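K.L.:
In the UniProt record's numbering, the protein residues as written are 1 to 350.
C-beta: ideal position from N, C-alpha, C; glycine also.
All figures in this text were calculated on a predicted structure; none of them were measured in a lab.
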Amino acid sequence: MMREELCLDFSVNGLFLLTLNLDDKLISSPHQALSSENPEAIGLQGTAWQSSMANKEPPNNVGGLARGAPSETLEASSSGIVGANDLMIVGPGVLGRLVAEKWREEHPGCQIFGQTVTSDHHAELIEMGIKPSVKGTQVPHKFPYVIFCAPPSQTSDYAGDIREAASNWSGEGSFLFTSSSAPYDCNDNGSCDEDSPAVPIGRSPRTDVLLKAEKVVLEAGGCVVRLAGLYISFLESDIGAHVYWLSKGTSDVRPDHILNLIHYEDAASLSVVILKKKLRSRIFLGCDNHPLSRQEVMDLVERSGKFSKKFQGFTGTSDPLGKKLNNSKTRAELGWEPKYPSFAQFLGVS
1 MMREELCLDF SVNGLFLLTL NLDDKLISSP HQALSSENPE AIGLQGTAWQ SSMANKEPPN
61 NVGGLARGAP SETLEASSSG IVGANDLMIV GPGVLGRLVA EKWREEHPGC QIFGQTVTSD
121 HHAELIEMGI KPSVKGTQVP HKFPYVIFCA PPSQTSDYAG DIREAASNWS GEGSFLFTSS
181 SAPYDCNDNG SCDEDSPAVP IGRSPRTDVL LKAEKVVLEA GGCVVRLAGL YISFLESDIG
241 AHVYWLSKGT SDVRPDHILN LIHYEDAASL SVVILKKKLR SRIFLGCDNH PLSRQEVMDL
301 VERSGKFSKK FQGFTGTSDP LGKKLNNSKT RAELGWEPKY PSFAQFLGVS
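#1: Go through its chain and collect everything with a Cβ distance to Lys212's Cβ below 8 Å, but skip five positions before and after it.
#2: For Ala123, does the count of other Cβ atoms within 10 angstroms reach 16, so buried, or fall short, so exposed?
#3: Given a cut-off of 7 Å, decide if Gly229 and Leu270 are closer than it, judged by their beta-carbon atoms.
#4: Does DSSP classify Phe343 as helix, strand or coil?
#5: For Gly222, which of helix, strand or coil comes out of DSSP?
#6: Among Lys329, Asn187, Ser167, which one has its Cα closest to the Cα of Gln138?
#7: Using only the alpha-carbon positions, how far apart do Ser174 and Lys102 sit?
#8: DSSP three-state label for Gly305, please.
#9: Which same chain residues, not among the five before or five after Arg303, have their C-beta less than 7 Å away from its C-beta?
#10: Using DSSP's beta-bridge definition, name the partner residues of Met88.
#11: Mapping DSSP to helix, strand and coil, what is Pro140?
#12: With distances taken between CB atoms, is the gap from Val90 to Phe148 smaller than 7 Å?
#13: By the 10 Å Cβ neighbour count, where 16 or more other Cβ atoms means buried, how is Arg254 classified, buried or exposed?
#14: Give the range of the alpha helix (DSSP H) segment to which Ser269 is assigned.
#15: On a Cα-Cα basis, can you pick out the residue from Thr315, Tyr231, Ser191, Ser180 that is closest to Gly249?
#16: According to DSSP, is Lys131 helix, strand or coil?
#17: If we count Cβ pairs, one from each stretch, closer than 8 Å, do we get three or more for the region 177-197 versus the region 219-228?
#18: Look at the alpha carbon of Gly313 and the alpha carbon of Ala241, and state the distance between them as a whole number of angstroms.
#19: Taking Tyr158 as part of the alpha helix (DSSP H), name the residues at either end of that continuous run.
#20: Using DSSP bridges, identify the partner residues of Ile283.
#21: Out of Val99, Phe284, Leu334, state which residue places its alpha-carbon closest to the alpha-carbon of Ile130.
#22: Taking residue 352 as the reference, which of Gly83, Glu194, Gln345, Ile274 has the closest Cα?
#23: Can the beta-carbon of Leu227 be found less than 7 Å from the beta-carbon of Ala267?
#24: Consult DSSP for Leu321 and reduce its assignment to one of helix, strand or coil.
#25: What three-state label does DSSP hand Ala48 in the structure shown?
#26: Along the chain, where does the alpha helix (DSSP H) that runs through Gly96 open and close?
#27: Report yes if the C-beta distance between Pro291 and Asn187 is below 7 Å; otherwise report no.
#28: Output needed for Ser328: all residues of its chain with C-beta closer than 8 Å, excluding positions within five of it in sequence on either side, in chain order.
#29: State buried or exposed for Glu106, treating a residue as buried only when at least 16 other CB atoms are found within 10 Å of its CB.
#30: On the DSSP bridge list, what partners appear for Asn260?
#31: Suppose you measure from the CA of Thr116 to the CA of Ile81; what does that come to, to the nearest Å?
#32: Cα separation between Glu40 and Ser170?
#33: Specify the secondary structure class of Ile201 as computed by DSSP and reduced to three states.
The following block contains the structure:
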């Protein structure tokens, strides 16, 4: 029987996009851990790991982005003409590539560009129909749609990088920053939604990075989507909070810390919906509305029967708690619903 690998992306935005975005983001966004590669340093719903994994390259076929697919985008781009639906993706990792796939489904004739830190994976992007460039390359024209998915871990000036991305936006369609849910000021397992207050600047270096980046976006007229912990299933790789915990056997963090999740595909579809709305200076929230404690996550992993390793338990008692996210307002305004309503349903556990 083929084993399905679950990738949790820890995300504090840029803090950890997981492929279970823990509280902040892991495989492909500014959702990777900023100061530590230990997902527990952040939780399970943000951007910390997400940031380091944000630009990590996915398997050869992610979300249907098959290699070798014909690319009219690249040929069309040689003319130097920018189309009304052309998209620039800064940080085309797992999340960015899924956004590209979904965007092209809705805009078949568009050109999609991808900006990366290195040229290591440019051949893969070209095969996916994404025209790549390296960070710092002169951009000859502005783009109607820009999405910034790059993690903060790969730069000393995150806000500056976002400011540069904003300067490449024509101001016509949309500019979107995939941030993390980490900035919401709640660490007592309490309820939190789009209108909940943010952590004050100066309290935490990691949230300062995100809040300053968001400020640049909002002042430029762009929108922010704060993503919960991202996760995805790859048959050929084991990445994520659950995988990290399984590998350790035991973990010295408290089991009752609440995490919030969203599948990578759902994060991508939500991002596309926001881009299409052409809204200005708004903050949205991406989560599945089914908060889980760390213990509940690992109980579901055990019940799924999809993993050979066994987790022995959490032993911590005094580390911070989390938050219970609810994005009903985002869903109502945008008319969006997730493909994967909960982590349990994704695993096939009732």
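P.N.:
Looking at the coordinates:
#1: Tyr158, Ala159, Ile201
#2: exposed
#3: no
#4: helix
#5: coil
#6: Ser167
#7: 16 Å
#8: coil
#9: Val349
#10: Phe113, Val146
#11: coil
#12: yes
#13: buried
#14: 264-277
#15: Thr315
#16: strand
#17: yes
#18: 14 Å
#19: 158-167
#20: Val224
#21: Val99
#22: Because the chain here runs from 1 to 350, residue 352 falls outside it and cannot be looked at.
#23: yes
#24: coil
#25: Model confidence at Ala48 stands at a pLDDT of 31, short of 50, so the residue's coordinates are unreliable; what they give is reported in the following sentence. DSSP places Ala48 in helix when its eight states are reduced to three.
#26: 94-106
#27: no
#28: Asp193, Asn289
#29: exposed
#30: Beta-bridge pairing links Asn260 to no other residue.
#31: 22 Å
#32: Unreliable placement is indicated for Glu40, whose pLDDT of 34 sits below 50; the coordinate value is still reported in the next sentence. Glu40 and Ser170: Cα-Cα distance of roughly 40 Å.
#33: coil
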